[in-house]
Amino acid sequence: MDFLAGFSAVQIAVAVAATFGAAFIRGLTGFGFGILLVPVLALALTPVEAVLSINIMAGLLALTEIRLILREAERSALVIGALVVVFTAPGLILLDATPENLARLLIALIALSAFFAILFPKRGPEQPGAKTTGAVGVTAGLLTGFAAMPGPPVVPYYVGRDIPRITAKASMIGIFGLAAMAGIGSGAAIGVLQWKIVALGLALFPLVMLGNWIGSLAFGKVSDTAWRTCVGVVLGAAAIAALVKLL
Numbered sequence: 442m443d444f445l446a447g448f449s450a451v452q453i454a455v456a457v458a459a460t461f462g463a464a465f466i467r468g469l470t471g472f473g474f475g476i477l478l479v480p481v482l483a484l485a486l487t488p489v490e491a492v493l494s495i496n497i498m499a500g501l502l503a504l505t506e507i508r509l510i511l512r513e514a515e516r517s518a519l520v521i522g523a524l525v526v527v528f529t530a531p532g533l534i535l536l537d538a539t540p541e542n543l544a545r546l547l548i549a550l551i552a553l554s555a556f557f558a559i560l561f562p563k564r565g566p567e568q569p570g571a572k573t574t575g576a577v578g579v580t581a582g583l584l585t586g587f588a589a590m591p592g593p594p595v596v597p598y599y600v601g602r603d604i605p606r607i608t609a610k611a612s613m614i615g616i617f618g619l620a621a622m623a624g625i626g627s628g629a630a631i632g633v634l635q636w637k638i639v640a641l642g643l644a645l646f647p648l649v650m651l652g653n654w655i656g657s658l659a660f661g662k663v664s665d666t667a668w669r670t671c672v673g674v675v676l677g678a679a680a681i682a683a684l685v686k687l688l
């Protein structure tokens, strides 16, 4: 474990436990990996370390599901994903310039916003207009850089509509994969991506695969109401726990 010498045993233990739990939820829902993991991991690591290590894991995971993305994703995912790539770097620059405690608080609040968004009633299957789609892409890009969380705007865009669950899941996975890769590239470009962060992300990735696989076994076997309720409870609990710890 010499390649993880830059982290303490406590930091690694927190990362292992939180990563497995977040990967399970991601496998079940198609989202939630960053939303759940960043608030917890940012308490053990610096916010930049947490965001970049999660991006490494999320990017690798998306590559393993490329067939699902190409087969099932909605075309809007390409537009949103492209905007995410463009606007990730400004978000990461903002994170790097923000004091750590303030960044942790803002990350927890972002996660909490996803909890409230998932409670909104479903809309029809119609795809929102260009302005709404563009706003989702820009916001998701900024949040990818700042918190590794493109989910708060993206999840309501898909889960909040009456479309097949597999379409929503594949679209979100595709966007989050592009977001993760943009985060990694932006981190390298501005000089905050350290080798120990890469090592941590690679070391945790087998846990991500395992947790995601177990979660995917349950996908489609629970009712839509139970699915949305479970996700909402987990998102709310993660955000509240992070806020209580900070305050």
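Under my numbering, the first residue of the sequence shown carries the number 442, and numbering increases by one thereafter. Note that beta-carbon positions come from the ideal geometry of N, C-alpha and C, so glycine has one too.
Distance CB(residue i)-CB(residue j) smaller than 7 Å
{"i": "Ser627", "j": "Pro593", "result": "no"}
{"i": "Pro488", "j": "Ala523", "result": "no"}
{"i": "Phe528", "j": "Leu648", "result": "no"}
{"i": "Leu504", "j": "Gly656", "result": "no"}
{"i": "Arg602", "j": "Arg564", "result": "yes"}
{"i": "Val525", "j": "Gly570", "result": "no"}
{"i": "Ala588", "j": "Val479", "result": "yes"}
{"i": "Leu501", "j": "Phe646", "result": "yes"}
{"i": "Glu513", "j": "Thr608", "result": "yes"}
{"i": "Ala456", "j": "Leu477", "result": "no"}
Outcome for residue i when other beta-carbon atoms lying within 10 angstroms are tallied against a minimum of 16
{"i": "Glu515", "result": "buried"}
{"i": "Pro597", "result": "buried"}
{"i": "Val494", "result": "The question names Val, but residue 494 in the sequence shown is Ser. Per the 10 Å Cβ criterion, buried."}
{"i": "Asn542", "result": "exposed"}
{"i": "Lys610", "result": "buried"}
{"i": "Phe694", "result": "Nothing about residue 694 can be reported from this structure: the residues present for the chain run from 442 to 688 only."}
{"i": "Ser449", "result": "exposed"}
{"i": "Glu567", "result": "exposed"}
{"i": "Thr585", "result": "buried"}
{"i": "Thr580", "result": "buried"}
{"i": "Leu486", "result": "buried"}
{"i": "Gly642", "result": "buried"}
{"i": "Leu536", "result": "buried"}
{"i": "Val600", "result": "buried"}
{"i": "Leu511", "result": "exposed"}
{"i": "Val451", "result": "exposed"}
{"i": "Gly532", "result": "buried"}
{"i": "Val481", "result": "buried"}
{"i": "Ser517", "result": "buried"}
{"i": "Ala630", "result": "exposed"}
{"i": "Arg508", "result": "exposed"}
{"i": "Ala530", "result": "buried"}
Check: residue i C-beta below 6 Å from any heavy atom of the ligand MN
{"i": "Pro480", "result": "Questions concerning the ligand MN fall outside what the structure shown contains, since it holds no ligand whatsoever."}
Beta-carbon proximity list for residue i, same chain, < 7 Å, skipping 5 on both sides
{"i": "Phe444", "result": "Legend: pLDDT at Phe444 = 49, less than 50; position of this residue unreliable, no value from coordinates given."}
{"i": "Val520", "result": "Thr574 and Gly578"}
{"i": "Asn496", "result": "Ala589, Ala621, Gly624 and Ile625"}
{"i": "Ala459", "result": "Leu478, Val481 and Leu482"}
First through last residue of the alpha helix (DSSP H) which encompasses residue i
{"i": "Met622", "result": "Arg606 to Ala630"}
{"i": "Ser449", "result": "No alpha helix (DSSP H) holds Ser449; DSSP gives it neither H nor E."}
{"i": "Phe660", "result": "First-last for Phe660: undefined, no H or E at that position."}
{"i": "Val633", "result": "Per DSSP, Val633 belongs to no alpha helix (DSSP H) and is neither H nor E."}
{"i": "Leu477", "result": "Phe474 to Ala485"}
{"i": "Glu506", "result": "That residue, Glu506, is in no alpha helix (DSSP H); it is neither H nor E in DSSP."}
{"i": "Ser529", "result": "Checking the sequence shown, residue 529 turns out to be Thr, not Ser. It spans Ser517 to Ala538 - the alpha helix (DSSP H) in which Thr529 sits, taken as one unbroken run."}
{"i": "Ala589", "result": "Here Ala589 belongs to no alpha helix (DSSP H), and DSSP marks it neither H nor E."}
Per DSSP, the bridge partner or partners of residue i
{"i": "Arg467", "result": "According to DSSP, Arg467 bridges with nothing at all."}
{"i": "Arg564", "result": "Arg602"}
Nonlocal neighbours in the same chain, by C-beta distance under 8 Å from residue i, ignoring five residues either side
{"i": "Phe617", "result": "Phe472, Phe474, Gly475, Ala499, Ala503, Pro591, Gly592 and Val595"}
{"i": "Leu634", "result": "Leu493, Ile625 and Gly628"}
{"i": "Thr670", "result": "none"}
6 Å Cβ shell around residue i - same chain, five flanking residues per side excluded
{"i": "Ala483", "result": "Ala491, Arg545 and Ile548"}
{"i": "Ala620", "result": "Val525, Thr585 and Pro591"}
{"i": "Phe465", "result": "Gly652, Ile655 and Gly656"}
{"i": "Glu506", "result": "Ile614"}
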